[in-house]
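Participant:
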Amino acid sequence: MPLTEVAPEVTEALAARRPVVALESTIIAHGLPRPRNLSVAVELEGLVRSGGAVPATIAVLDGRVHIGLGRDGLARIAEDDGVRKLGRRDLAPALAAGVSGATTVSATAFLAARAGIRVFATGGLGGVHRAWTLTQDESADLRVLAETRITVVCAGVKSILDVPATLQRLETLGVGVLGYGTDRFPGFYLTSSGEPVEWTVHSPDAVAEVVRARDELGAPDSALIVANPVSEAEQLDPALHDRLLGEALAACAEHGVEGQAVTPFLLDFLTRRTAGASLEANVAAVRGNVRLAARIAAAL
Ligand code: PSU
Ligand code: MN
Numbered sequence: 431m432p433l434t435e436v437a438p439e440v441t442e443a444l445a446a447r448r449p450v451v452a453l454e455s456t457i458i459a460h461g462l463p464r465p466r467n468l469s470v471a472v473e474l475e476g477l478v479r480s481g482g483a484v485p486a487t488i489a490v491l492d493g494r495v496h497i498g499l500g501r502d503g504l505a506r507i508a509e510d511d512g513v514r515k516l517g518r519r520d521l522a523p524a525l526a527a528g529v530s531g532a533t534t535v536s537a538t539a540f541l542a543a544r545a546g547i548r549v550f551a552t553g554g555l556g557g558v559h560r561a562w563t564l565t566q567d568e569s570a571d572l573r574v575l576a577e578t579r580i581t582v583v584c585a586g587v588k589s590i591l592d593v594p595a596t597l598q599r600l601e602t603l604g605v606g607v608l609g610y611g612t613d614r615f616p617g618f619y620l621t622s623s624g625e626p627v628e629w630t631v632h633s634p635d636a637v638a639e640v641v642r643a644r645d646e647l648g649a650p651d652s653a654l655i656v657a658n659p660v661s662e663a664e665q666l667d668p669a670l671h672d673r674l675l676g677e678a679l680a681a682c683a684e685h686g687v688e689g690q691a692v693t694p695f696l697l698d699f700l701t702r703r704t705a706g707a708s709l710e711a712n713v714a715a716v717r718g719n720v721r722l723a724a725r726i727a728a729a730l
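Residue numbers (the working numbering): 431 to 730.
#1: To the nearest angstrom, report how far apart I726 and R579 are at their CA atoms.
#2: Assuming L600 is part of the alpha helix (DSSP H), what are its boundary residues?
#3: Cα-Cα, which of A505, R479 and G476 is closest to A489?
#4: Helix, strand or coil: which one does DSSP assign to R644?
#5: Does the separation of the CB atoms of L731 and V574 fall below 8 Å?
#6: Are the CB atoms of G528 and D492 nearer to each other than 8 Å?
#7: Tell me whether G557 counts as near ligand 2, meaning its Cβ is closer than 7 Å to at least one heavy atom of that ligand.
#8: I'd like the list of long-range same chain contacts for G611, defined as Cβ closer than 6 Å, with 5 residues on each side in sequence excluded.
#9: Candidates A728, D698 and P659: which alpha carbon is nearest D635's?
#10: Tell me which residue opens and which closes the alpha helix (DSSP H) that H671 is part of.
#11: Would you identify the three-state DSSP class for P523, choosing helix, strand or coil?
#12: Spell out the partners DSSP gives F757 in its beta bridges.
#13: Between the alpha carbons of T693 and T630, how many angstroms are there, rounded?
#14: If you draw a straight line from the C-alpha of I507 to the C-alpha of S469, how long is it?
#15: Helix, strand or coil: how does DSSP classify H460 here?
#16: With hydrogens ignored, establish whether the beta-carbon of D567 is closer than 7 Å to any heavy atom of ligand 2.
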């Protein structure tokens with residue numbers, strides 16, 4: 431596949447059936463501020479390695495898909511101004527144009543599964559936006575997760591979204607959701623969104639059992655979401671969160687922010703208005719997800 435470059439260590443690990451964890455790059459390029467984004471990207475790869483798995487951060491560089499970025503690739507995604515945000519539908523135009531871009535959950539899940547990677551870790555998934563009745567803004571992540579066989583470890587969906595509506599969409603789309611050590615769906619920056627989850631698991635082996643059962647059933651190709659909450663000690667203060675979210679949504683509407691820019695705008699607004707506390711909660715959530723993903727990949 432001349433438009434795809436898989437890092438040698440990822441190829442070797444997959445061939446030897448050793449654990450591999452895919453990581454997305456939009457969170458680096460558009461979800462976290464500089465220069466913290468690069469240090470977090472490097473740290474996340476280190477956490478995957480400490481967990482006994484090989485990290486495969488996915489991005490598009492100069493019109494080629496990279497499955498597994500070296501230090502230079504991570505730095506380009508973190509530091510270059512021209513890095514686009516690529517959902518799955520954007521991949522072909524980006525490759526044809528020879529540009530560079532960071533992959534969202536939708537693009538990363540698609541590319542990872544295509545490369546034979548079975549586990550993917552991120553922060554919070556995209557979903558149904560709160561202004562959906564006006565804008566019809568629903569992340570492409572959901573549709574792709576309905577069509578892609580991969581286990582995704584996340585801290586729920588971003589709390590800037592309409593969480594109950596997103597859970598309804600996941601049910602309609604047939605995407606499985608497991609609460610990891612909890613019967614409440616996590617709230618990204620918050621330990622709990624307050625919404626229930628139907629199924630709770632308590633170990634990486636228990637997740638692997640679910641994956642094996644799905645495979646044996648010959649279930650359709652869809653993702654399994656492992657919803658792993660940030661600890662209460664590391665969450666954003668829920669009262670602060672609720673107060674600022676209204677302001678963030680109002681600012682978004684006031685500035686006429688639309689489309690792909692909405693999610694980065696809201697995350698950045700909260701980072702600035704919480705003096706970095708939301709950023710710390712976001713990073714804590716991603717760290718926890720990456721650690722768990724390595725253990726699940728090993729259990730599989
Ligand atoms: N999780 C984070 N930070 C992020 C994202 C997720 O902690 O920046 C990104 C993911 O790449 C996700 C994207 O796929 O936000 C969703 O964007 P949109 O709502 O435009 O589909
Ligand atoms: Mn959108």
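For every residue, glycine included, the Cβ atom is placed at its ideal position computed from N, Cα and C.
Facilitator: Straight from the coordinates:
#1: Taking the first residue of the sequence shown as position 1, residue 726 is located at position 296. Taking the first residue of the sequence shown as position 1, residue 579 is located at position 149. Whole-angstrom Cα-Cα distance: 15 Å.
#2: Working through the sequence shown from its first residue, we reach residue 600 at position 170. DSSP places L600 in the uninterrupted alpha helix (DSSP H) bounded by V593 to L603.
#3: In the sequence shown, the residue the question calls residue 489 occupies position 59. Selected option, being the one with the closest Cα: A505.
#4: Position 214 of the sequence shown, counted from the first residue, corresponds to residue 644. Looking at R644 - three-state DSSP - the assignment turns out to be helix.
#5: With the chain covering 431 to 730 only, the question about residue 731 has no answer from this structure.
#6: Indexing the sequence shown from 1 puts residue 528 at position 98. Indexing the sequence shown from 1 puts residue 492 at position 62. Closer than 8 Å, so yes.
#7: Counting from one through the sequence shown, the residue named residue 557 turns up at place 127. G557 Cβ: outside cutoff for every heavy atom of ligand 2.
#8: Within the sequence shown, residue 611 is the residue found at index 181, counting from 1. Excluding residues within five positions, the ones whose Cβ falls inside 6 Å are H632.
#9: Translated into positions along the sequence shown, residue 635 becomes position 205. Of the candidates A728, D698 and P659, the one whose C-alpha sits nearest the C-alpha of D635 is A728.
#10: On the sequence shown, residue 671 is found 241 positions in, with the first residue counted as 1. Where H671 is concerned, the enclosing alpha helix (DSSP H) stretches over P668 to E684.
#11: If you number the sequence shown from 1, residue 523 lands on position 93. Helix, per DSSP.
#12: Residue 757 lies beyond the stretch modelled for the chain, which goes from 431 to 730, so this question has no answer here.
#13: Mapped onto the sequence shown, residue 693 falls at position 263. Mapped onto the sequence shown, residue 630 falls at position 200. So the alpha carbons of these two residues sit roughly 29 Å apart.
#14: Counting from one through the sequence shown, the residue named residue 507 turns up at place 77. Counting from one through the sequence shown, the residue named residue 469 turns up at place 39. If I take the Cα positions, the gap works out to 12 Å.
#15: Reading the sequence shown from its first residue, position 30 is the one you call residue 460. For H460, the secondary structure class from DSSP, reduced to helix, strand or coil, is helix.
#16: Looking up residue 567 in the sequence shown gives position 137. Yes, the Cβ of D567 comes within 7 Å of a heavy atom of ligand 2.
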